[in-house]
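Report on one structure; see the data block that follows.
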Amino acid sequence: MAKLTKNQKEAYAMIEQDKLYSVDEASVLVKEITKAKFDASVDLAVRLGVDPKKANQMVRGVVTLPHGTGKDVKVLALVTPDKEAEAAEAGADYVGLDEYLDKIKGGWTDVDVIITMPSVMGKLGPLGRVLGPRGLMPNPKTGTVTMDVAKAVSEVKAGKIDFKVDKTGIVHAAIGKVSFSPDKIAGNAKELLDTLNKLKPAASKGVYMKSIFMSSTMSPSLQVDPKTV
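Per the working numbering, the sequence shown starts with residue 268, numbered consecutively.
Written out as structure tokens, the structure reads:
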């Protein structure tokens with residue numbers, strides 16, 4: 268077993284073993300136990316009582332974090348010429364169509380989110396093998412395929428994220444940075460958890476939120492009490 272560093276030992280010493288923290292408590296402590304020299308991301312991992320293999324128990328959605336993600340999200344708007352101006356004005360980092368489709372075919376994927384229009388989706392189909400594994404394929408369910416391109420770009424820039432339960436039944440999401448105040452971290456966490464609660468599948472029986480862990484890029488995990496959500 269690898270030896271813990273001095274900072275790691277100090278971080279673990281600040282955590283009460285077997286304690287279930289409230290969202291507010293965890294949001295304060297995650298800042299205190301993070302010793303990274305960079306602005307680490309704060310993440311939530313939520314284990315749900317669902318079977319992702321069954322279509323009627325798939326949990327997927329979007330949420331706009333009230334305090335943003337703290338990340339400069341790079342947005343590519345793949346739109347027709349008549350939509351280019353509004354996409355650019357809304358803050359898209361890259362705007363165009365055929366030239367970017369060619370770049371993607373060549374392996375370029377240096378963006379975080381791609382927003383497009385229904386009429387363009389047919390051109391994106393052949394690029395699924397490039398975009399799919401990177402989570403970049405636009406989807407109407409996440410609001411990234413729309414005629415209201417400006418609104419979609421603005422929402423993503425403001426902190427809109429999409430999430431999907433993985434094959435083990437866990438939803439992972441970045442909810443901010445350790446430089447955020449505890450109130451902002453807690454506010455973003457609660458918004459995500461409230462959204463997940465609203466998406467509970469009718470076919471899901473028993474306990475829905477089985478466990479919640481909050482951590483930063485370089486910190487141990489803090490277990491959050493699902494009953495306080």
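All C-beta atoms, glycine included, are put in the ideal place defined by N, C-alpha and C. Because the structure is a prediction, the values reported are computed rather than measured.
For the beta strand (DSSP E) that contains residue 443, what are its first and last residues? Numbered from its first residue, the sequence shown carries residue 443 at position 176. Run containing residue 443: 437 to 444, per the beta strand (DSSP E) assignment.
Boundaries of the alpha helix (DSSP H) in which residue 330 is found, first to last residue: Here residue 330 refers to the residue found at position 63 of the sequence shown. No alpha helix (DSSP H) holds residue 330; the beta strand (DSSP E) holding it covers 327 to 331.
Going by beta carbon distance, what residues of the same chain come within less than 8 Å of residue 268, once the five residues before and after it are set aside? By 1-based counting over the sequence shown, the position of residue 268 is 1. Legend: pLDDT at residue 268 = 43, less than 50; position of this residue unreliable, no value from coordinates given.
If we require 3 or more residues per run, which beta strand (DSSP E) segments fall completely within the segment 282 to 359? For the segment 282 to 359, the full-length beta strand (DSSP E) segments reaching 3 residues or more read 308 to 315, 327 to 331, 342 to 345 along the chain.
Out of 318, 331, 438, which has the shortest C-alpha to C-alpha gap to residue 469? For the purposes of this step, residue 469 is taken as residue 202 along the sequence shown, with counting starting at 1. It is 318 whose Cα lies nearest to the Cα of residue 469.
Check residue 485 in the structure and name its three-state DSSP category. Indexing the sequence shown from 1 puts residue 485 at position 218. Of the three classes helix, strand and coil, the one that applies to residue 485 here is coil, per DSSP.
Reference residue 334; option with closest CA among 309, 280, 487, 361: Working through the sequence shown from its first residue, we reach residue 334 at position 67. Among 309, 280, 487, 361, the Cα nearest to that of residue 334 is on 309.
Excluding five sequence neighbours on each side, which residues of the same chain lie with their C-beta closer than 6 Å to the C-beta of residue 364? Along the sequence shown, read from residue 1 onward, the residue named residue 364 stands at position 97. Closer than 6 Å at the Cβ level, and outside the excluded window around residue 364, lie 345.
CA-to-CA distance, residue 391 to residue 372, given in whole angstroms: Locating residue 372 in the sequence shown gives position 105, counting from the first residue. Locating residue 391 in the sequence shown gives position 124, counting from the first residue. Approximately 10 Å between the Cα atoms of the pair.
Measuring alpha carbon to alpha carbon, tell me which residue in 306, 482, 276, 459 is nearest residue 330. Counting from 1 along the sequence shown, the entry for residue 330 is found at position 63. When each option's Cα is compared against that of residue 330, the closest is 459.
What do you get for residue 292, buried or exposed, if any count of 16 or more other CB atoms within 10 angstroms of its CB means buried? Taking the sequence shown and counting its residues from 1, the one referred to as residue 292 is at position 25. Counting Cβ neighbours within 10 Å, residue 292 comes out buried, since at least 16 surround it.
At the level of alpha carbons, what is the spacing between residue 394 and residue 453? Residue 394 sits at position 127 when you count from the first residue of the sequence shown. Residue 453 sits at position 186 when you count from the first residue of the sequence shown. Taking the straight line from one Cα to the other gives about 38 Å.
Can you find a C-beta in chain B that's less than 8 Å from the C-beta of residue 419? Protein chains in the displayed structure number just one, and chain B is not present.
Helix, strand or coil at residue 478 [DSSP, three-state]: In the sequence shown, the residue the question calls residue 478 occupies position 211. In the structure shown, residue 478 sits in a strand (DSSP, three-state: E or B).
Can you give the Cα-Cα distance for residue 423 and residue 437, rounded to whole angstroms? Taking the sequence shown and counting its residues from 1, the one referred to as residue 423 is at position 156. Taking the sequence shown and counting its residues from 1, the one referred to as residue 437 is at position 170. Going by the C-alpha atoms only, they are around 23 Å apart.
My output table needs one value for residue 408: the three-state DSSP class, helix, strand or coil. To locate residue 408, count along the sequence shown from 1; it is residue 141. In the structure shown, residue 408 sits in a helix (DSSP, three-state: H, G or I).
Quick one: any contact between the segment 273 to 285 and the segment 407 to 417, if contact means 3 or more CB pairs under 8 Å? no
Bounding residues of the beta strand (DSSP E) (the contiguous stretch that carries residue 363): Looking up residue 363 in the sequence shown gives position 96. Run containing residue 363: 361 to 363, per the beta strand (DSSP E) assignment.
Nearest-angstrom Cα distance between residue 466 and residue 398? Counted from its first residue, the sequence shown places residue 466 at position 199. Counted from its first residue, the sequence shown places residue 398 at position 131. Computed Cα separation, rounded: 26 Å.
If contacts are defined as beta-carbon pairs under 8 Å, then residue 297 and residue 481 qualify, I think. What distance do you get, rounded to the angstrom? Looking up residue 297 in the sequence shown gives position 30. Looking up residue 481 in the sequence shown gives position 214. That pair is a contact at about 6 Å.
Flag this pair as touching only if the segment 426 to 437 and the segment 298 to 308 have three or more C-beta atom pairs under 8 Å; answer yes or no. The segment 426 to 437, when compared against the segment 298 to 308, does not touch it at the 8 Å Cβ threshold.
By the DSSP assignment, the beta strand (DSSP E) with residue 429 in it spans what residues? Along the sequence shown, one-based indexing puts residue 429 at 162. 427 to 431 is the span of the beta strand (DSSP E), which, as asked, contains residue 429.
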